[in-house]
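Participant:
In the numbering used here, the protein residues as written are 22 to 582.
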């Protein structure tokens, strides 16, 4: 549906730099995707500030720096995470991960219809991600919330996981239970296509910088160089070696990425020597923007044999298509949506064990016998890409430059039409408008509004500590509790109290402690009367009074439950 509402056109974004910071040493695909999204949001802001929520001033400042780095004229508005009324004013909360359930729990404090929540999937294989996906059926997630799935493969994974959780809930509480989760729209990740438009002089210069001869066909892989968690390099190494043997064509492979540590680097370098002895293998630091651009500009084709369950979409093939490169991809996860076999490139078949054959892996991960990296590797090591098919696809492209150009141009057009960030971001805005409309319709319905009004005011796991532990003290400080100044205590004592590290990090407003003491020193007063006299809420006043009693400058003359 079209965007007709400024609230629908924008959202308050989670402002933790980890989601967008491209300067991180251990750069992940989610940061690249998050930064691309933020660029699109800045470009579409229409003069409005970019609202970002975080509890941390440091994070807010870094987020503002990232926003200004995109456009020096853009401004970032810090929304403190504790200011839930601002979320309600803005109407839409966007989180760059799958924690919809977590934020729905927080939303109860202002009401389940106060604003909509929109998340997005990245990896779905980790325990934390799975817990969020299943938790969406148990927490107060509403039909006006959404978890964006970036590929049809993710939609199916989420469906399977949530159906298994629903079966568990029906077993626990009865067949009548019909848990409902968020909307699961399919919206792909995007690329900024202009970033990958390299003119012929740039391509010539890039090939010269990498030492590529005119008659060398250069394949390219971009991304983390992590055989356990991204894509095992064997199909690339053996595929290019076999293609070189079959065609007699000089071959080079550019691995543009980064290693987690020296052991992984050694594995790649020795693997290249052993499994692709006739192919020149070049390693380029993919964290360096200049080196990365050179790699994209220099390549003749792109290769990505993903075989990891932690992958969900796969951003680099559409980056490759934006660069006009034909893609040789594995027939795996999101690649099934983005790479059309025989059109934009080739998808090479994959195999993995069937359902029921991975229980030992899941158990090892759940018990801690295997960590996340080991779990992904155990699954990846049992997943195979057809190496002979990969070699055939490479050989076909290596021997036919016209085919490379045709496929590259088709892919470039498709990326402009479907995956350019302005196009994708518009889908986000349309989704947000739809969610806001759903929420408005629910609030307008009297029966639904009454049901929403009866919602808990907080999650059972996040209760008021003075309720959850209210049976701990001898007596309770309430509105009728009478306060009296300790004989001999002075305002100087209160100031010394506030300055001493034993009472550091007291909740503001700090001047209230002295103001309350001055009022109590004028004569005994109940907590309720003091709150009214000082124009302070009863909960704040009661906590402040308890601290002064704790410090010994005020006493309790009389208590009442």
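Glycine residues also receive a C-beta, built at the ideal position from the N, C-alpha and C atoms.
All values derive from a computational prediction rather than experimental measurement.
Report the partner residues of residue 441 according to the DSSP bridge assignment.
Facilitator: In the DSSP output, where bridge partners are listed per residue, residue 441 has 212.
Participant: Please go through the stretch 469-518 and give each complete beta strand (DSSP E) segment of 3 or more residues, from N-terminal end onward.
Facilitator: The stretch 469-518 contains these whole beta strand (DSSP E) runs: 503-506.
Participant: On the criterion of 16 or more Cβ atoms from any shown chain inside 10 Å, does residue 192 qualify as buried, or is it exposed?
Facilitator: When all chains shown are included, residue 192 counts as exposed.
Participant: Taking C-beta to C-beta, are residue 326 and residue 406 nearer than 8 angstroms?
Facilitator: Taking 8 angstroms as the Cβ cut-off, residue 326 and residue 406 qualify as a contacting pair.
Participant: According to DSSP, residue 353 sits in a beta bridge with which residue or residues?
Facilitator: DSSP lists no partner for residue 353.
Participant: Anyone know if the C-beta pair for residue 246 and residue 276 falls short of 8 angstroms?
Facilitator: Yes, the pair counts as a contact, with Cβ atoms nearer than the cut-off.
Participant: Given the structure, does residue 186 come close to the ligand COA, in the sense that its CB is under 7 angstroms from one of the ligand's heavy atoms?
Facilitator: Inclusion of the ligand COA in the displayed structure is not the case, the ligand content being empty and no account of it being possible.
Participant: Which of the three DSSP states, helix, strand or coil, is assigned to residue 98?
Facilitator: Note: residue 98 maps to strand in three-state DSSP.
Participant: Look at the Cβ atom of residue 574, then the Cβ atom of residue 507, and state whether they are nearer than 8 angstroms.
Facilitator: Contact flag set, yes.
Participant: Give the range of the beta strand (DSSP E) segment to which residue 140 is assigned.
Facilitator: 137-141 is the span of the beta strand (DSSP E), which, as asked, contains residue 140.
Participant: Can you tell me whether DSSP reads residue 44 as helix, strand or coil?
Facilitator: Three-state DSSP puts residue 44 in coil, outside helix and strand.
Participant: Please list, in chain order, all residues of the same chain as residue 154 whose beta carbon is under 6 angstroms from its beta carbon, the five residues on each side excluded.
Facilitator: Excluding positions up to five away in sequence, the list reads 179 and 182.
Participant: Can you tell me whether residue 52 is helix, strand or coil according to DSSP?
Facilitator: Correct three-state label for residue 52: helix.
Participant: Under a three-way DSSP split, which group does residue 429 fall into?
Facilitator: Note: residue 429 maps to helix in three-state DSSP.
Participant: Mind checking residue 581: buried by the 16 CB within 10 Å criterion, or exposed?
Facilitator: For residue 581, the predicted structure reports a pLDDT of 46, less than 50, and the residue's modelled location is therefore unreliable. A value from the coordinates is still provided. Exposed.
Participant: Per DSSP, what kind of secondary structure is residue 39 in: helix, strand or coil?
Facilitator: In this structure, residue 39 counts as helix in the three-state DSSP scheme.
Participant: For residue 100, I'd like the list of residues in its chain whose CB is within less than 6 angstroms of its CB, leaving aside the five on either flank, ordered along the chain.
Facilitator: If we look at residue 100 and ignore the five residues flanking it on each side, its Cβ neighbours are 33, 72, 74 and 107.
Participant: Run the CB neighbour count on residue 541, radius 10 Å, all protein chains shown included, and call it buried at 16 or more, exposed below.
Facilitator: Classification of residue 541: buried, given that the 10 Å Cβ count is 16 or more.
Participant: If you draw a straight line from the alpha carbon of residue 539 to that of residue 512, how long is it in whole angstroms?
Facilitator: Looking at the two C-alpha atoms, the distance is approximately 7 angstroms.
Participant: Using CA coordinates, which residue listed in 167, 289, 105 and 388 is at the minimum distance from residue 451?
Facilitator: Of 167, 289, 105 and 388, the residue nearest in Cα terms is 167.
Participant: For a cutoff of 8 angstroms on Cβ pairs, would you count residue 493 as touching chain B?
Facilitator: No chain B is present in this structure, which holds just one protein chain.
Participant: Looking at C-beta atoms only, is the number of pairs between the stretch 213-231 and the stretch 340-356 that lie closer than 8 angstroms three or more?
Facilitator: Yes, since at least three Cβ pairs between the stretch 213-231 and the stretch 340-356 fall closer than 8 angstroms, the two stretches touch.
Participant: Verify whether the separation of the beta carbon atoms of residue 480 and residue 548 is less than 8 angstroms.
Facilitator: No, they are not a contact pair.
Participant: Please determine if the stretch 49-65 and the stretch 78-96 are in contact, where contact requires at least 3 C-beta pairs separated by less than 8 angstroms.
Facilitator: Counting Cβ pairs under 8 angstroms, three or more are found: they touch.
Participant: So the alpha helix (DSSP H) residue 189 belongs to, where does it begin and stop?
Facilitator: Note, residue 189: alpha helix (DSSP H), 173-194.
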